[in-house]
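Asker: Quick one: the structure is below, questions incoming.
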């Protein structure tokens, strides 16, 4: 099936080559980081995790979000999603690969990486995160590939494949729950130590993942003969709407508890993020941009006429993506470190090489995604799943 | 460890005493990065009272206390979150209570830095041997202690290399050498030890005791 990735239109090749250019820029910056150390980033002893880990956290959500098309199909026998489960699974593969790369570039001593396996430490949540992420990657590769191969041959996929598909559903929940536990079990970081963290992560994942998937579906429909289907898009839009409402609701719950209780430690990170603390307010414009996009997303998605209109639906999904990305891919991780354990505000500003490495990893994800989608769509076109 | 803050502050009144910090950082080849707080490395250092005890702070606190430099270092917690989160068991608590760090196993994920509620851990953002020469003219200062490679976390080890040969930690020794005796080191489990007697005789506080990590550094007020 892989050979289908090697035949494509000039547009396909142009896209792959431009992604490769960004990827090579990232490789150069990474080599610089490898020889100089992480000092080429904006991180410090106070903000010891930065954009890398924040992107990782966000992308775990994108990966987990793919399950929102797999679950209705396998558990509720919602046949319509059968058409696009493969796209959800392939999106998950690309997202998990990005997650693993973001962890990799964040490691100070990558040559010792295997120590995580040589000295397994079940008390460390990072150990479990490694297991669930790699497991999820393989589950999606195996299930996605076999389902697609069966579709190409026009036969039903094997029973064991279906079994693994069922396994992948709770597994998707686990990757984001475990990732939330990285944060939610740490004493002394008050923004993170909240029981609702895993729920918040899942809600934002189930909004952002399907929102990206919906945008990709529309793109696929535009540039290929494969139509993901009207009903599919409508159901997906409904899922995004519910998840986004929950996501915003959960954020408001955090704000209520922090400010009504009046406990200073619970407030200070939120104050830093949304209003600035001790004269430091670097993230404030970002956070209010996030608020703006979250509100816009809610308006565009909740009003039925706007949700059903494709143009406003696209705007809604883009708003979900940007709003949740700032909230989780910037604010949550960096805000957790501010103020520091001495209640001092030390700010963080990513450096140019750090940003290039991030962009390159996103480009790598889209490179993988483009190839996987190309294979899937070529097969769908061949077997004639072209019209609704 | 017990830190008698009244003795320490009294000595600091006389002049900017930095004996314990200098002794530690020279003993362990901890490089000085000067004003560059982004790459700063420190095992034992000073912070003002309001920052070392952020939750104890109040607006009417005596001005003289508020700005007073208190000594901060790894608390060698009985229930250390840093050790719990480490994915390679590079940091662990010894049976005698010292929280150790294996500089050869650490992968540099910095989960321990996120987990430590005391900001006690430093990361080698670059190669410590490349620290500015003008600030570190005689680096490495102790040929008998390893320098680190880039990309690993380090922190106070209560001088395990000295404890092993029957010596006391370098900071405590430095404080004794100038006859201030503000730093005391001993076995908290031994009811007859000097530090247990000190804790019996004076009022003491610990940093962020409410988090349940059971810090083992006590401050006598």
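Protein chains in written order, with our numbering: chain G, 1 to 388; chain L, 1001 to 1221. We treat Cβ as the ideally placed atom computed from N, Cα and C, and that holds for glycine. Bear in mind the structure is a predicted one, so any value in this text is a computation, not a measurement.
Can you tell me the Cβ-Cβ gap for residue 57 of chain G and residue 179 of chain G, rounded? I've got them flagged as a contact below 8 angstroms.
Answerer: With a Cβ gap of about 6 angstroms, residue 57 of chain G and residue 179 of chain G count as contacting.
Asker: May I have the straight-line CA-CA distance separating residue 55 of chain G from residue 99 of chain G, to the nearest angstrom?
Answerer: Their backbone Cα atoms lie some 8 angstroms apart in a straight line.
Asker: Between the stretch 198 to 209 of chain G and the stretch 164 to 180 of chain G, can you find at least three pairs of beta-carbon atoms closer than 8 angstroms?
Answerer: Contact holds: three or more Cβ-Cβ distances are below 8 angstroms.
Asker: What residues from the stretch 49 to 73 of chain G come within 8 angstroms of chain L, judged by C-beta to C-beta, listed N to C?
Answerer: Flagged, chain order: 49.
Asker: Measure how close the beta-carbons of residue 293 of chain G and residue 323 of chain G come, nearest whole angstrom, since I'm counting them as under 8 angstroms.
Answerer: About 3 angstroms separates the two Cβ atoms, so the contact holds.
Asker: According to DSSP, which residues form a beta bridge with residue 1137 of chain L?
Answerer: Answer is none; residue 1137 of chain L lacks a bridge partner.
Asker: Given residue 379 of chain G, which residues of its chain have a CB within under 8 angstroms of its CB, disregarding the five upstream and five downstream residues?
Answerer: These residues qualify, in order along the chain: 1, 4, 148, 151, 152.
Asker: What does DSSP give as the partner residue(s) for residue 1123 of chain L in the beta ladder?
Answerer: Bridge partners of residue 1123 of chain L: L:1153.
Asker: For the 8 angstroms Cβ check, are there 3 or more pairs between the stretch 66 to 73 of chain G and the stretch 348 to 358 of chain G?
Answerer: No: fewer than three Cβ pairs fall under 8 angstroms.
Asker: List the DSSP bridge partners of residue 1218 of chain L.
Answerer: L:1002, per the DSSP bridge assignment.
Asker: Mind listing the chain G neighbours of residue 1212 of chain L? Cutoff is C-beta to C-beta under 9 angstroms, in chain order.
Answerer: Neighbours of residue 1212 of chain L on chain G, chain order: 187.
Asker: So, with DSSP's three-state summary, where would you put residue 190 of chain G?
Answerer: Here residue 190 of chain G sits in coil by DSSP.
Asker: Against chain G, which members of the stretch 1121 to 1148 of chain L pass a CB distance test of less than 8 angstroms?
Answerer: Residues passing the 8 angstroms Cβ filter: 1121, 1122, 1123, 1124, 1125, 1126, 1127.
Asker: Can you tell me the Cα-Cα spacing of residue 260 of chain G and residue 254 of chain G, whole angstroms?
Answerer: Taking the straight line joining both Cα atoms gives about 10 angstroms.
Asker: Please return the same chain residues whose Cβ sits closer than 6 angstroms to the Cβ of residue 29 of chain G, not counting the five positions on each side in sequence.
Answerer: Taken in chain order, the residues that qualify are 353, 356, 357.
Asker: Rounded to the nearest angstrom, how far is the Cβ of residue 320 of chain G from that of residue 211 of chain G, given a contact under 8 angstroms?
Answerer: That pair is a contact at about 4 angstroms.
Asker: Using CA coordinates, which residue listed in L:1049, L:1076, L:1078 is at the minimum distance from residue 1068 of chain L?
Answerer: When each option's Cα is compared against that of residue 1068 of chain L, the closest is L:1049.
Asker: So if DSSP puts residue 137 of chain G in a beta bridge, which residue, or which two residues, is it bridged to?
Answerer: For residue 137 of chain G, which the question treats as bridged, DSSP gives no partner whatsoever.
Asker: Unbroken alpha helix (DSSP H) runs of length 4 or more, entirely within the stretch 216 to 303 of chain G: which are they?
Answerer: Listed in chain order, the complete alpha helix (DSSP H) runs (minimum 4 residues) inside the stretch 216 to 303 of chain G are 230 to 261, 264 to 274, 284 to 302.
Asker: Any residues in the stretch 1088 to 1109 of chain L with a beta carbon nearer than 9 angstroms to a beta carbon of chain G? Which ones, in chain order?
Answerer: Per Cβ criterion, the list reads 1088, 1089, 1090, 1104, 1105, 1106, 1107, 1108, 1109.
Asker: Classify residue 1147 of chain L as buried or exposed, calling it buried when 16 or more other Cβ atoms lie within 10 Å of its own Cβ.
Answerer: Residue 1147 of chain L should be labelled buried.
Asker: In this structure, how does DSSP classify residue 1044 of chain L when only helix, strand and coil are distinguished?
Answerer: In this structure, residue 1044 of chain L counts as strand in the three-state DSSP scheme.
Asker: Could you pull out every residue in the same chain whose Cβ sits closer than 6 angstroms to the Cβ of residue 942 of chain L, ignoring the five residues on either side in sequence?
Answerer: As displayed, chain L neither begins before 1001 nor continues past 1221, which places residue 942 of chain L out of reach and without an answer.
Asker: Smallest Cα separation from residue 219 of chain G: which of G:336, G:310, G:183, G:289?
Answerer: Cα-wise, what sits closest to residue 219 of chain G is G:310.
Asker: Can you tell me the Cα-Cα spacing of residue 332 of chain G and residue 285 of chain G, whole angstroms?
Answerer: About 15 angstroms.
Asker: Would you mind telling me which residues of chain L sit closer than 8 angstroms to residue 346 of chain G, beta carbon to beta carbon, in chain order?
Answerer: Here the neighbours are 1037.
Asker: Are residue 1124 of chain L and residue 1029 of chain L closer than 8 angstroms when you measure CB to CB?
Answerer: No, Cβ-Cβ distance for residue 1124 of chain L and residue 1029 of chain L is not below 8 angstroms.
Asker: Hey, residue 121 of chain G and residue 1086 of chain L are a contact pair by Cβ (cut 8 angstroms); roughly how many whole angstroms apart?
Answerer: Contact holds; Cβ gap of about 6 angstroms.
Asker: Can you find the residues in the same chain that come closer than 6 angstroms, C-beta to C-beta, to residue 1185 of chain L, ignoring five residues on each side of it along the sequence?
Answerer: Only 1001, 1168, 1169, 1172 meet the Cβ criterion.
Asker: Using a cut-off of 8 angstroms between C-beta atoms, extract the partners of residue 116 of chain G located in chain L.
Answerer: Simply 1087, 1088, 1107.
Asker: Taking the alpha-carbon positions, what's the residue 329 of chain G to residue 1059 of chain L distance?
Answerer: C-alpha separation (whole angstroms): 36 angstroms.
Asker: On the three-state DSSP scale, how would you describe residue 1206 of chain L?
Answerer: Here residue 1206 of chain L sits in coil by DSSP.
Asker: Figure out for me which residue from L:1092, L:1020, L:1065, L:1066 has the closest Cα to the Cα of residue 1078 of chain L.
Answerer: Answer by Cα proximity: L:1092.
Asker: From L:1008, L:1084, L:1116, L:1019, pick the residue whose C-alpha is nearest to that of residue 1177 of chain L; which is it?
Answerer: Residue 1177 of chain L has its Cα closest to that of L:1019, out of L:1008, L:1084, L:1116, L:1019.
Asker: Mind checking residue 21 of chain G: buried by the 16 CB within 10 Å criterion, or exposed?
Answerer: It is exposed - the Cβ of residue 21 of chain G has fewer than 16 other Cβ atoms within 10 Å.
Asker: With burial defined as no fewer than 16 other Cβ atoms inside 10 Å of the residue's Cβ, what is the status of residue 1157 of chain L: buried or exposed?
Answerer: Answer is buried; the Cβ neighbour count reaches 16.
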